[in-house]
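Heads up: the sequence shown begins at 164 in my numbering, then just goes up one per residue. All C-beta atoms in this analysis are idealised placements derived from N, C-alpha and C, irrespective of residue type, glycine included. Remember, predicted model here, so these are calculated numbers, not experimental data.
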Amino acid sequence: MQNILPTEDYENQLMEKAHCLKGMMAPFSAPEPEVFRSPASHYRMRAEFRIWHEEDDLYHIMFDQQTKQRIRVDQFPVASQLINSMMQAIIAGVKNNLVLRHKLFQVDYLSTRSNKIIVSLLYHKKLGDEWREHAISLRNQLKAEGFDVQLIGRASKTKVTLDHDYIDEELPVAGRTMIYRQVENSFTQPNASINIHMLEWAINITKDAKGDLLELYCGNGNFSLALAQNFERVLATEIAKPSVAAAQFNIKANQIDNVQIIRMSAEEFTQAMNGEREFNRLQGINLKSYQCETIFVDPPRSGLDEETVKMVQGYPRILYISCNPETLCQNLETLTQTHQVSKLALFDQFPYTHHMECGVLLERRD
Numbered sequence: 164m165q166n167i168l169p170t171e172d173y174e175n176q177l178m179e180k181a182h183c184l185k186g187m188m189a190p191f192s193a194p195e196p197e198v199f200r201s202p203a204s205h206y207r208m209r210a211e212f213r214i215w216h217e218e219d220d221l222y223h224i225m226f227d228q229q230t231k232q233r234i235r236v237d238q239f240p241v242a243s244q245l246i247n248s249m250m251q252a253i254i255a256g257v258k259n260n261l262v263l264r265h266k267l268f269q270v271d272y273l274s275t276r277s278n279k280i281i282v283s284l285l286y287h288k289k290l291g292d293e294w295r296e297h298a299i300s301l302r303n304q305l306k307a308e309g310f311d312v313q314l315i316g317r318a319s320k321t322k323v324t325l326d327h328d329y330i331d332e333e334l335p336v337a338g339r340t341m342i343y344r345q346v347e348n349s350f351t352q353p354n355a356s357i358n359i360h361m362l363e364w365a366i367n368i369t370k371d372a373k374g375d376l377l378e379l380y381c382g383n384g385n386f387s388l389a390l391a392q393n394f395e396r397v398l399a400t401e402i403a404k405p406s407v408a409a410a411q412f413n414i415k416a417n418q419i420d421n422v423q424i425i426r427m428s429a430e431e432f433t434q435a436m437n438g439e440r441e442f443n444r445l446q447g448i449n450l451k452s453y454q455c456e457t458i459f460v461d462p463p464r465s466g467l468d469e470e471t472v473k474m475v476q477g478y479p480r481i482l483y484i485s486c487n488p489e490t491l492c493q494n495l496e497t498l499t500q501t502h503q504v505s506k507l508a509l510f511d512q513f514p515y516t517h518h519m520e521c522g523v524l525l526e527r528r529d
């Protein structure tokens, strides 16, 4: 039995990250980074574990990335309190149930601050009526124990949902409770406390914004909805259908009437803006009616592609959230030819790792 506990001093490792980011951003004359700390434990709202079968025993495991050693995990202080409680309940509920246990190889957890959780059981077998019957019994047992849980089964090309495949998060953001629908197996911010810091930072630095906001890679509307208060209108793009559906729900749930979501990639939107292609998805939307003076981007680790970087340069203000400072710096080599970095922030999304999440605000040079 082994617990996974942070081994580094949190303050020291955070200072090292801030120093590293400051050095990376020095060539772009960036200001001193504003540093946002994570809780030192129970900060991850998502976790995935392999399941190990050892005779009659059953338990969660992780693999050491360097040694590939198998590590038994009975408690995981990195994850939310709710995930830790559910880990024990799932093992207890599955361990002696041959139908639910057979060929189970992984369990994924997605939790919220609002005390809701999705548990996905992953199998190397077909999931039929017998599995559903036993899964319903387990779900009812978990609910009787006080868990607000959605139980989902996954196998090759199969997804079995007992009730629904989403949960609704509630975040206190700048004095307001924001509702965000989170869909199983879709992207959500892993560290809720840091997500709140990112949203409030973005709101604060755009308070004096004028005109409309364009956002690329909007996901479930995480930033779009929080920032809507600072702009006349928000036009946002997202390619993944589940995320677009969640964003549309979130618009209604938060009673926001100035956000328009378009399902297309950043590359497609660039083509549409440049008049290179026409899209049926844009029927009824007059892109030219938007006066977007600010563009917000939160791209994948690969950063912005060359054409999108050129398109982004056309806006007076660029708000860029990055999960990879190396590709951010690559993009900044071009962006700082026309803009200067006026704000810099470090968000410690993943404590005790080398991962750095950061934000920059760029403003067009005079």
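Per DSSP, the unbroken beta strand (DSSP E) holding C521 starts and ends at E520 to R527. When rounded, the separation of the alpha-carbon atoms in R344 and N259 is 34 Å.
When the beta-carbon positions are compared, R213 and T351 stay at least 8 Å from each other. Collapsing the DSSP output to three states places A318 in a strand.
By alpha-carbon distance to G309, the top candidate from K279, D328 and L284 is K279. With a threshold of 16 other beta carbon atoms within 10 Å, P514 meets it and is buried. The count of Cβ pairs closer than 8 Å, one atom from the region 398–415 and one from the region 434–441, stays below three, leaving the stretches out of contact. Taking 8 Å as the upper bound for CB-CB distance, L482 and Q503 are not in contact here, some 14 Å apart.
Runs of the alpha helix (DSSP H) lying entirely within the region 337–405 and spanning at least 4 residues, in chain order: 355–368 and 385–390. By the CB criterion at 8 Å, I315 and S283 fall inside the cutoff. Note: K506 is bridge-paired with L524 in the DSSP secondary-structure output.
Between the region 371–384 and the region 221–237 there are fewer than three inter-stretch CB-CB distances shorter than 8 Å, so the stretches are not counted as touching. Note: S300 is not bridge-paired with any residue in the DSSP secondary-structure output.
Residues of the same chain with a CB within less than 8 Å of the CB of A298, apart from the 5 flanking positions on each side, are L263, L284, L314, G316, V323 and L325 in chain order. Per DSSP, the unbroken beta strand (DSSP E) holding M225 starts and ends at D220 to F226. Apart from the 5 residues on each side of it in sequence, E347 sits with its Cβ closer than 7 Å to the Cβ of L273, I281, S283, I315, D328 and Y329 in its chain, given in chain order. Cβ contact annotation for A429 (same chain, cutoff 7 Å, sequence separation greater than five): L379, Y380, T400 and T471, in chain order.
Assignment of H182 by DSSP, reduced to helix, strand and coil, places it in the helix class. In this structure, DSSP gives K279 an extended state, which the three-state scheme calls strand. Here S452 carries a helix assignment [DSSP, helix/strand/coil].
In this structure, the beta-carbon distance from E456 to K373 falls below 8 Å. Rounded to whole angstroms, the separation of the alpha carbons of R528 and L467 is 21 Å. Under the three-state reduction of DSSP, Q500 is assigned to coil, being neither helix nor strand.
If you look at L267, you'll find it in the beta strand (DSSP E) that goes L267 to S274.
Between V241 and L509, the CB-CB gap reaches or exceeds 8 Å.
In the three-state reduction of the DSSP assignment, Y483 falls in the strand class.
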